[in-house]
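Below: the structure, in structure tokens.
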Amino acid sequence: MSKFKIFLFMVIASLMPLKGIAETSTQPSRIPAIKLITTPDNHSAYLKGSIPALDKIPAQNFWINNSVEEWEKNTHPAPRKQYVITLKGKLKFKVSDGSTFILSPGTVLLAEDTNGEGHSWELIDGDEWVRIYIPMTDNNDYFVADK
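Using mature numbering (1 follows the signal peptide of the UniProt record, and there is no 0), the letters of the sequence shown correspond one by one to residues -22 to -1, 1 to 125.
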């Protein structure tokens, strides 16, 4: 290939926009989230949405768990409003109307169905569920539902 063709190719390539590489977003970064809620008739339901990636969310303590207590094996409400961060495992959650969603690492669960019937879950991939529980200390849970 001649030097002229190489030069021409480089000029054309430099004029082409680098879509996705050079562009910057004005939208803040968000992480997928699912929020368990209690409906007015005391049933459990869920909303899909997201939480901000870089906002400082207040917390006082947290703990890590990889075991399952007996009460968790049946339908139950959340014991407190809390973020649940899955580190390992893939689960299928079920709410009162029978609808389900999949929870896996990379999606934050906001367990806010503290009253009523509650939810159930089963491990569908892996041999253990490793997770972090972070109790909510603020009335703002930073969740934004999908439209």
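Positions of the beta carbon are idealized from the N, C-alpha and C atoms, including for glycine.
Which residues DSSP lists as bridging residue i, in chain order
i: W99; result: F71
i: Q60; result: A89, P113
i: V46; result: Paired residue(s): none; V46 is not in a bridge.
i: K66; result: V108
Straight-line gap, residue i to residue j (C-alpha atoms, nearest Å)
i: D116; j: E106; result: 30 Å
i: S98; j: I112; result: 19 Å
i: E82; j: K68; result: Looking at the sequence shown, residue 82 is not Glu but Ser. Distance between the alpha carbons of S82 and K68: 5 Å.
i: Y120; j: D33; result: 9 Å
i: A56; j: Q5; result: 32 Å
i: S28; j: I35; result: 14 Å
i: Y24; j: I12; result: 7 Å
i: L87; j: S7; result: 17 Å
i: I63; j: E95; result: 23 Å
i: V108; j: A89; result: 16 Å
i: A(-1); j: P30; result: With a pLDDT of 47 at A(-1), under the threshold of 50, the predicted position of this residue should be treated as unreliable, though the coordinate-derived value follows. Approximately 23 Å between the Cα atoms of the pair.
i: I42; j: T53; result: 22 Å
Residue span of the beta strand (DSSP E) that contains residue i, given as start and end
i: W41; result: 41 to 43
i: G94; result: Here G94 belongs to no beta strand (DSSP E), and DSSP marks it neither H nor E.
i: Y24; result: 22 to 30
i: F121; result: Note, F121: premise wrong, no beta strand (DSSP E); not H, not E.
i: K34; result: K34 -> no beta strand (DSSP E), and no H or E assigned at all.
i: P10; result: 8 to 16
i: T78; result: 78 to 81
Do the region 36 to 48 and the region 76 to 90 make contact, defined as three or more Cβ pairs closer than 8 Å? Short answer: they don't touch.
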